[in-house]
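Structure, as structure tokens:
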Amino acid sequence: MSITAQLLDSVRLPGGGALVHGFALESRGDGARRALLRNGHELEVHDLHEVFAGERAPTAVFPLAWPGWDRGVHSVSPHGTFAVFSGQRAVRAVGAGGETLWEYRHGCWGPELDHPHTGDEQEVCPGLEHGSCRISDDGRFVWAHVVAQPEPDAWEERWVVLDARDGRELARMPLDSAASGSHHLSHPDGVHMGLCIGMGQDGILLHWARWDGDKLTGWDLNEGMDRILTDVHAGHPGFLTVEHYGADLQLHALDGTVLAQGEPDGADDEDPPYWDYGCGFVDADTVIASTAEFDEDPEQARHWLLDARTLRTRGTVAYPTGPVHSGARPLGDGTWLTYDDKSETLNRWARATP
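In terms of this note's numbering, the sequence shown is residues 4 to 357.
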């Protein structure tokens, strides 16, 4: 079945591909959606609603804490008054005026144990490994995935909760991981935080936790799982994942219980297709997923709409402008984004009304 898409908005936004293919889209439980785009030595913050309304100027601009460091996943406070950067050796909060508000020092993400440092805070050590951070939806806490070296020749990754006012550590959880990278996802319930840790060919680790102001409670969901955390929605108490190599999507309860599973459709005479890593909730009833990156023939690249509760395929998306050769990023409000690298155009789509 073919499902026609309707183009709602289209704007030129250099660097906007990170909204679809990276972690530049930061969504909040109140429905706010912002683009966190690196531009030179600055992090520009754009309200997506304002961007599509024609506003080109960012709502806030923060100087990068470490301009030479191009890794890590960063976060901006709900009101846009400060940003928190996940660095190679520290997590740092920066105010709207560019001033450092606080810094939480940790071990170096560089993979060589006990390697020397020059003392220059801008030094970038070899290695692509990185952590991530996320400011809570109420702006009170910062969750961060960091690395520590409790003793020589030792390596321990940690999930820490920091006071957003001063960077003071409130709680920590040791992690059994050796990350290549990570990202956070806050649940719209305002209570739970998810952490997804990629370890390359060694797999994926997935954790959920909550902080009640006194106790940090975590769920290790990794027994028998090798799945990427992709999305959450206010209409679902759990979360959505894709298998490490794209074999299937799964809808989970918050404790990890599998509620539904969906594999990509393929012709009987074809090799089985694989889901791309970017997928999620168009709205409470619909999930969008793609097979664009794994399809050897770009002309066969497809986006699919699925039932959000059963993950059964409803049909493929037909775009009036022709095939879209990249992924899609849903916004949870009935719309989704695509990005054209050649024209640097960000497009917002919805299902066409009959």
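Ideal Cβ positions, reconstructed from N, Cα and C, are used throughout, including at glycine.
- Residue burial annotation: Gln91 is buried, with at least 16 other C-beta atoms found within 10 angstroms of its C-beta.
- In terms of Cα proximity to Arg143, the closest of Phe55, Val87, Ala311 and Asp234 is Val87.
- Taking all protein chains shown into account, Ala355 has fewer than 16 neighbouring C-beta atoms within 10 Å of its C-beta and is therefore exposed.
- Nearest to Thr313 by alpha-carbon distance, out of Val79, Gly113, Leu252 and Asp268, is Leu252.
- Separation of His186 and Ala8 (C-alpha to C-alpha, rounded to the nearest whole angstrom) is 30 Å.
- Beta-bridge partners of His148 (DSSP): Ser135 and Trp162.
- Residue state for Ala21 is assigned as helix, using DSSP reduced to three classes.
- Of the other Cβ atoms in all chains shown, fewer than 16 fall within 10 Å of the Cβ of Asn42; this residue is therefore exposed.
- Under DSSP, Gly241 forms no beta bridge with any residue.
- Excluding sequence positions up to five before and after Ser30, its CB lies within less than 6 Å of the CB of Arg36, all in the same chain and listed in chain order.
- Secondary-structure assignment with DSSP links Met176 through a beta bridge to Trp162.
- Secondary structure note for Val94: its beta strand (DSSP E) is the uninterrupted segment Ala93 to Gly98.
- By the neighbour-count definition (other C-beta atoms within 10 Å, threshold 16), Tyr107 is a buried residue.
- The residues Leu224, in chain order, have a CB closer than 6 Å to that of Gly259 in the same chain once the five nearest residues on each side in sequence are set aside.
- With a threshold of 16 other beta carbon atoms within 10 Å, Pro333 meets it and is buried.
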